[in-house]
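**Q** Using the working numbering, you'd call the opening residue of the sequence shown number 124 and step up by one each time. A virtual CB, placed ideally from N, CA and C, is assigned to each residue, including glycine. Below is one structure. I have some questions about it.
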Amino acid sequence: AAAAATAAVVGHCFPVWLRLKGGKGVATTFGAVAAIDPIIALLLMVVWVAAVLLTHTPAIGSLIAATLLVVLPHVDHQPFEVHVFAVVSFVIILVRHRGNLKTLKARRQRARRRVLKRRKGQGAERAKKARGKGRRISRR
């Protein structure tokens, strides 16, 4: 079952007829895990939902759940094939989320620059001027 699950994830992420440009593999991995061990799938779903609710970013939830997927077969004493499936799925999900990770990093750096700019007083002065004119400023 683990070999078929691995083939399904690889086939979903790298379909030949779409020039190897498929999905990110999260849903396919979840479906395969649900077929192999429904308890682990339920736990991964809870972790994913919690991470998305906390971070408001599905990509972070997917990466956290994929990381946990590598650990859980060890805890549950699954066969070696399931460990291989978990590691292969994790690597594929990580590779397919590269663009999301770059976007998240850039967004974090922009937010950090904004905070530093406000600390220097520029943001406070701008807000003070806007309040004096009866306007609200946007938080861009």
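Would you call the CB atoms of G154 and I215 closer than 8 Å?
**A** no
**Q** Are any of the Cβ atoms in chain D nearer than 8 Å to that of V193?
**A** The question asks about chain D, but that chain is absent: this structure has only one protein chain.
**Q** Since T178 is in the alpha helix (DSSP H), which residue starts that stretch and which ends it?
**A** P161 to T178
**Q** So is A130 buried or exposed if we call it buried at 16+ other beta carbons inside 10 Å?
**A** exposed
**Q** For A173 and S185, I'd like the C-alpha separation in whole angstroms.
**A** 11 Å
**Q** Using the Cα positions of A127 and A234, report the straight-line distance between them to the nearest angstrom.
**A** Rounded to the nearest angstrom, the two C-alpha atoms are 43 Å apart.
**Q** Just verifying my parser: in three-state terms, what is the DSSP assignment at F208?
**A** helix
**Q** For the alpha helix (DSSP H) that contains P202, what are its first and last residues?
**A** Counting along the chain, P202 falls outside any alpha helix (DSSP H), and DSSP gives it neither H nor E.
**Q** Can you give me the Cβ contacts of V156 inside the same chain, cut-off strictly under 6 Å, excluding the 5 residues immediately before and after it?
**A** Excluding its 5 nearest sequence neighbours in each direction, V156 has C-beta neighbours in its own chain below 6 Å: I163 and A164, listed in chain order.
**Q** Under a three-way DSSP split, which group does K144 fall into?
**A** K144 falls in the coil class under three-state DSSP.
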